[in-house]
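First up is the structure itself, then whatever we jot down about it.
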Amino acid sequence: MLVQTITSTWQQLLQHFFPVFTAPTADVFAALVSGWLLCTGRRTVTGMVRSAAILCEKPHDSFHRFFAKARWSMAQLWRLLIILLVKKFYPSGTIHLDLDDTLFHRRGRKVQGASRWRDPVRSEKLIVFARGLNLIVLTLRVRPPWGGEPITLPVNMRLRVKEGPTHIDLAESMLTEVAHWLEKRRFICHCDGFYTALIDRDLPRVHLITRMRKDAIIYTLPPKEKPRRGRKRVRGKLLAKPRELATLVRNFKCVRTVERAKKKKRMVWTRKVIWYHVSKKPVRMVISRDPAGKAKDVFLVTTDLSLSAAQIVGQYAGRWSIEETFKNTKQLIGGQQPQCFKRQGPERAAAMSFWLYSMVWLWYLNHRRLWSKLPRLPWYRHKRRPSFADALACLRRQLWRQAINCMSGQHTAFENIPKPGFPK
Numbered sequence: 260m261l262v263q264t265i266t267s268t269w270q271q272l273l274q275h276f277f278p279v280f281t282a283p284t285a286d287v288f289a290a291l292v293s294g295w296l297l298c299t300g301r302r303t304v305t306g307m308v309r310s311a312a313i314l315c316e317k318p319h320d321s322f323h324r325f326f327a328k329a330r331w332s333m334a335q336l337w338r339l340l341i342i343l344l345v346k347k348f349y350p351s352g353t354i355h356l357d358l359d360d361t362l363f364h365r366r367g368r369k370v371q372g373a374s375r376w377r378d379p380v381r382s383e384k385l386i387v388f389a390r391g392l393n394l395i396v397l398t399l400r401v402r403p404p405w406g407g408e409p410i411t412l413p414v415n416m417r418l419r420v421k422e423g424p425t426h427i428d429l430a431e432s433m434l435t436e437v438a439h440w441l442e443k444r445r446f447i448c449h450c451d452g453f454y455t456a457l458i459d460r461d462l463p464r465v466h467l468i469t470r471m472r473k474d475a476i477i478y479t480l481p482p483k484e485k486p487r488r489g490r491k492r493v494r495g496k497l498l499a500k501p502r503e504l505a506t507l508v509r510n511f512k513c514v515r516t517v518e519r520a521k522k523k524k525r526m527v528w529t530r531k532v533i534w535y536h537v538s539k540k541p542v543r544m545v546i547s548r549d550p551a552g553k554a555k556d557v558f559l560v561t562t563d564l565s566l567s568a569a570q571i572v573g574q575y576a577g578r579w580s581i582e583e584t585f586k587n588t589k590q591l592i593g594g595q596q597p598q599c600f601k602r603q604g605p606e607r608a609a610a611m612s613f614w615l616y617s618m619v620w621l622w623y624l625n626h627r628r629l630w631s632k633l634p635r636l637p638w639y640r641h642k643r644r645p646s647f648a649d650a651l652a653c654l655r656r657q658l659w660r661q662a663i664n665c666m667s668g669q670h671t672a673f674e675n676i677p678k679p680g681f682p683k
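Here the sequence shown stands for residues 260 to 683, where the numbers follow the numbering used here.
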């Protein structure tokens, strides 16, 4: 009875998104998503069909048409998903988001939207280029009930195409879209220094926390002046560059921060400045220093002037969880493996892999009985917190049990087995 209840909650989650599709496409959607999870080999559409054939009897070409030609909107799936997530994890207060881009490797000249891009994973010492889909992903930061590092759940995605909108334009459209879906809610978005230009964009109810360049040209706030004719001043005196300020400042303050669920001590110095070449709005700059002197100084900036230095440093450190999301989506979900080439197929398949990652976590977090007591493994006795691999394996196990029960209920397999005993 417990297995049927747990599995039915996954079906109920999928049914919440059925209004996005037509009735025939909704059946294909439910079977394809479940087949994606049950597939243990390469997550090609054909591999999903072999696993989904147990759950849905449909022609195989209907599964192949789902990503490229079917009439449905990925934006509507994102909208329904973020409403579910916010209702559970952020019933009130400020919503924390993370923004970054990644590369899905896709070879072949006929893959729609694929181009040569810099590979951020392999470009540590030398710049390495690879062909694939350049994806900008917006995630929701969630504190798991078992503690530890935060989890980032994808809630929106855009595909960057050569000679199309820039990364900044696509990121702005995603943040504006999410703010439109969740009216009257306040957001804080954490992103790396590449997205600093978002500071000057008119984002509704969205504040940013990002890195500042070491050689940034900054000014003090404009002084208060008596009313007079002419244009008002928008900046004050020129300050030293952040790298030079870090050596000149002597009044660092020792604070305690919470970085990725760990308490640490930091030496911080903060000041309101004008980063004139980026935006004319006042921002808060923070210099974070390791008291032990092992790590390099970190220069951060935020548009939310009400945050303290400890909050800025701690919140930005949690941005690393989005890298875990990218790794799990590629390696465990197999987001790069669907062989879709034309029209909207490649973009939709990539977006569906991120959407599926959030759905697996949402299903797993809704069942306390599954994660409250982890199985003790002889080779991993000290494991305290579940991972995404545990959540995926648990959901896959429940779906297989449902499929096997459905098949075994169609006929009586043990009718002709003779009873134990000796013949007369």
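Where a beta carbon is used, it is the ideal one built from N, C-alpha and C, also for glycine.
Per DSSP, the continuous beta strand (DSSP E) segment holding Ile395 begins and ends at 388–401. Straight-line measurement puts the Cα of Glu431 at about 7 Å from the Cα of Arg460.
The DSSP-derived three-state label of His364 is strand. In the structure shown, Tyr623 adopts helical secondary structure according to DSSP, grouped into three states. One Cα belongs to Cys298, the other to Val560, and the distance between them is close to 44 Å. Taking all protein chains shown into account, Ala609 has 16 or more neighbouring C-beta atoms within 10 Å of its C-beta and is therefore buried. Between the alpha carbons of Met416 and Lys589 lies a distance of about 15 Å. A residue is called buried when at least 16 other Cβ atoms come within 10 angstroms of its Cβ; Trp405 does not meet this threshold and is exposed. The C-alpha of Phe322 lies about 59 Å from the C-alpha of Lys512.
Only residues of its own chain outside the window of five on either side were considered, and among them Lys421 have a CB closer than 6 Å to the CB of Ser374, listed in chain order.
The beta carbon of Ala438 lies closer than 8 Å to those of Arg444, Phe446, Leu462, Pro463, Arg464, Val465 in the same chain, with the five residues before and after it left out.
Only residues of its own chain outside the window of five on either side were considered, and among them Lys500, Pro501, Trp534 have a CB closer than 7 Å to the CB of Ala475, listed in chain order. Asp556 and Leu457 have their alpha carbons spaced roughly 23 Å apart.
Around the beta-carbon of Pro550, fewer than 16 other beta-carbon atoms lie within 10 Å, marking it exposed. With contacts defined by Cβ atoms closer than 8 Å, Leu296 and Arg627 do not form a contacting pair. Just so you know, the alpha carbons of Glu582 and Pro637 end up roughly 29 Å apart. Unbroken alpha helix (DSSP H) stretches of 4 residues or longer found wholly inside the segment 526–593: 568–576, 580–587, given in chain order.
Around the Cβ of Arg365, a 10 Å sphere holds 16 or more other Cβ atoms; the residue is buried. For Phe322, the enclosing alpha helix (DSSP H) has its first and last residue at 319–327.
By the neighbour-count criterion, in which 16 or more other beta carbons inside 10 Å mark a residue as buried, Pro278 falls on the exposed side. Gly391 is positioned such that its CB atom lies closer than 8 Å to that of Trp376. With contacts defined by Cβ atoms closer than 8 Å, Ile477 and Tyr575 do not form a contacting pair.
Note: Tyr639 is bridge-paired with Leu636 in the DSSP secondary-structure output. Using a 10 angstroms sphere on the CB of Pro486, the tally of other CB atoms stays under 16, which defines it as exposed. The beta carbon of Phe280 is closer than 7 Å to those of Phe288, Trp331 in its chain, skipping five residues each way along the sequence. Measuring C-alpha to C-alpha distances from Arg643 to each of Pro541, Pro403, Arg488 identifies Pro403 as the nearest.
In this structure, the straight-line span from the alpha carbon of Val396 to that of Glu484 is close to 44 Å. According to the DSSP secondary-structure assignment, Val465 is paired through a beta bridge with Phe446. When DSSP states are grouped into helix, strand and coil, Val517 belongs to the strand group.
Counting the other CB atoms within 10 Å of its CB gives Tyr639 a total below 16, which places it among the exposed residues. Considering only Lys524, Phe326, Leu358, Ala554, the residue with the shortest C-alpha distance to Glu606 is Phe326. Sequence-distant partners of Phe388 (beyond 5 residues in either direction) whose C-beta falls short of 7 Å from its own C-beta, in its chain, are Arg375, Trp376, Arg377, Asp378.
Around the beta carbon of Asp360, 16 or more other beta carbons lie within 10 angstroms, which makes this residue buried.
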